[in-house]
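Residues 82 to 273 (my numbering) make up the sequence shown, in order.
Built from N, CA and C at the ideal position, the CB exists for glycine as well.
Computed from a prediction, not measured in an experiment: that's the story for all the values here.
Below is one structure, written out as structure tokens; comments come after it.
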Amino acid sequence: MSATRLLVLGIVRGYGRAHGYRVGNDLLSWGADEWANVKWGSIYHALRAGVKAGQLLDHDDVPGRTDYELTERGETEFRQLLRDALRRPEHRPDMLGAALALLPALEREEALELLRERLATCEALRDKATAQLGGWADPPHVRELFGLWESSAAGGAEWTRGLIARLGSGHYAMAGEPGSFGVPGSWARVDP
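Given below as structure tokens:
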């Protein structure tokens with residue numbers, strides 16, 4: 082999965098229609114260049130690829146600037162990427178970071194369901210690593226790898242439990258709730 086693709090689709094979706102510079106400015110202001118390795122070239126590549134895949138429409142109404150708009154296919158792709166990023170723990174944090182940045186696009190109950198799936202996966206990974214750690218003999222230093230996986234999965238489970246609790250108690254305006262930016266085209270426009 083591509084965190085850049087998810088983020089680009091999500092930002093275009095949020096604004097309803099956005100040009101590449103707006104998309105890039107948002108991503109860089111979120112620090113996505115550090116946690117998702119998003120660069121200007123990858124942003125424009127994702128925009129062009131989205132047009133080619135039928136996920137985005139490009140508009141050349143303003144000379145020298147191309148605006149992009151999400152298609153129905155793009156909405157489907159965005160939602161699938163977002164759901165997968167929430168439910169599937171990965172070693173790299175970029176997809177989860179992208180999903181958290183776009184979390185309010187989901188209704189609260191769906192987000193909670195996906196996070197419960199994530200929690201179950203983290204706990205299963207932790208248990209598997211614990212069993213491997215306890216049963217490993219040679220070479221002995223490989224036990225450190227299983228210890229790392231156990232610790233990482235346990236930390237992921239603990240963090241996921243916390244987010245589930247926060248969402249369950251009403252933190253953050255989610256799609257369909259007052260004050261949410263979860264509806265396509267609902268982000269406030271601030272032209273650079």
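Chain-order list of residues whose beta-carbon lies under 7 Å from that of residue i (same chain, five-residue window excluded)
| i | result |
| --- | --- |
| residue 139 | 132, 147, 149 |
| residue 204 | 238 |
| residue 228 | 214 |
| residue 210 | 227, 230, 231, 234 |
| residue 244 | 196 |
Own chain residues within Cβ distance below 8 Å of residue i, not counting five before or after
| i | result |
| --- | --- |
| residue 195 | 164, 167, 168, 187 |
| residue 120 | 114 |
Rounded separation between residue i and residue j - CA only
| i | j | result |
| --- | --- | --- |
| residue 125 | residue 216 | 48 Å |
| residue 231 | residue 101 | 41 Å |
| residue 336 | residue 175 | The requested residue 336 is not part of the displayed model; the chain covers only 82 to 273. |
| residue 85 | residue 178 | 11 Å |
| residue 249 | residue 181 | 16 Å |
| residue 274 | residue 152 | Because the chain in this structure spans residues 82 to 273, residue 274 falls outside the shown range and cannot be described. |
| residue 117 | residue 110 | 13 Å |
| residue 123 | residue 192 | 28 Å |
| residue 135 | residue 90 | 12 Å |
| residue 220 | residue 252 | 47 Å |
| residue 266 | residue 105 | 17 Å |
| residue 143 | residue 255 | 33 Å |
Residue span of the beta strand (DSSP E) that contains residue i, given as start and end
| i | result |
| --- | --- |
| residue 173 | It is not in any beta strand (DSSP E) - residue 173 carries neither H nor E in the DSSP assignment. |
| residue 147 | 146-151 |
Alpha helix (DSSP H) segment containing residue i, residue limits
| i | result |
| --- | --- |
| residue 208 | 189-216 |
| residue 254 | Run containing residue 254: none; DSSP gives neither H nor E here. |
| residue 104 | 101-110 |
| residue 93 | 84-96 |
Assumed close pair residue i, residue j - CB separation to whole angstroms, cut-off 8 Å
| i | j | result |
| --- | --- | --- |
| residue 159 | residue 94 | 6 Å |
| residue 241 | residue 199 | 5 Å |
| residue 155 | residue 137 | 6 Å |
* Asked: Quick one: complete alpha helix (DSSP H) runs, 4+ long, within the stretch 113-139?
  -> 113-116, 121-133
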